[in-house]
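In the working numbering, the protein residues as written are 845 to 1206. Working notes, structure below.
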């Protein structure tokens, strides 16, 4: 790995890792500074994990490379959510899932379309590929809505009854089905229809050696785990000090920092007029959150003694998830984007964020 002038800022940002750990373990600053430095460190490490995964993918070939990309794409999001879950903040974790879905599909895609549209008057993409992804996202939105509708229906028939056990059982079953769907999705993307999804390694010459790529990928993931521990420990205190609800922090702050590496990549591909890849990254990340991250969190939550269900009790969560899936479906219909569509997507995300900001009863 060569140290160029352009790479210096990336290395400099890594200083947030020892800084955040020092602030945390030696109590050198208030909780909000520890929380902020930890968030920045997670975002930086997530980008390095992405770069390491891409380099390993170049060595491993298209099939293994694509599997690595989809498997480690949301590593930071999953690890951060697991540590927040260990603090018994199940509602915050649900908010983080919601925020990740709307963040990648609306904000990240919107920023990429805006940046790309300012350079290119009109950007096109494959309607067949993106139509498939948007359809899958819509079906996953239905799967997320199902447990909440089930809970509501049962409560109407049994007012005052305790639905906790039934909700947990249904959530476990739904999680298993979603993971099976993810396995089928991998077979579809990597085996039977791999020519439709050309988002694997480019076939170029790797810039890093294989051991270096593996070291960065695994070391970055371990660093994210340490940072996630300190961020989750300071979450409630920081939210209280800033006058914000933990749910708002989950929807906006934790969700965005866990997936920020996708934003960097999406903007770069949008400027290169590769909107197929941009949509694959943004929509694919949301799909992976619903298909993999959420089910794993449900299964692990029982093992650590803080059971989490897929019943999103807040109607606001259900509305924004369904809206994001519908909007992506509409955007994919004409096969093109402009800067104005990107601006509109950002505006919709801001409206959703404002709703969570003013929410009094999360």
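From the three backbone atoms N, C-alpha and C, an ideal C-beta is built for every residue, glycine too. This one's a predicted model, so the numbers in the text were calculated from it and none came from an experiment.
Here residue 1051 carries a coil assignment [DSSP, helix/strand/coil]. By the C-beta criterion, the segment 932–941 is judged to be in contact with the segment 1083–1103, since at least 3 inter-stretch pairs fall below 8 Å. As computed with DSSP, residue 899 is found in no beta bridge at all. With respect to the C-alpha of residue 1147, the residue from 890, 929, 978 and 860 having the closest C-alpha is 929. Within the DSSP bridge table, the entry for residue 967 names 1181 as partners. In the three-state reduction of the DSSP assignment, residue 931 falls in the coil class, being assigned neither a helical nor a strand state. Of the candidates 903, 870 and 1010, the residue whose Cα lies closest to the Cα of residue 1051 is 903. When DSSP states are grouped into helix, strand and coil, residue 876 belongs to the helix group.
Around the beta carbon of residue 897, 16 or more other beta carbons sit within 10 angstroms, so the residue counts as buried. Residue 1003 carries a coil assignment under DSSP once its states are collapsed to helix, strand and coil.
Closest in alpha carbon position to residue 916, among 933, 893, 1049 and 932, is 893. For the options 934, 1104 and 1170, the alpha carbon positioned closest to that of residue 890 is the one of 1104. The segment 1014–1031 makes no contact with the segment 996–1006; the number of CB pairs closer than 8 Å stays below 3. Inter-segment contact for the segment 1123–1135 and the segment 918–938 is present: three or more beta-carbon pairs are separated by less than 8 Å.
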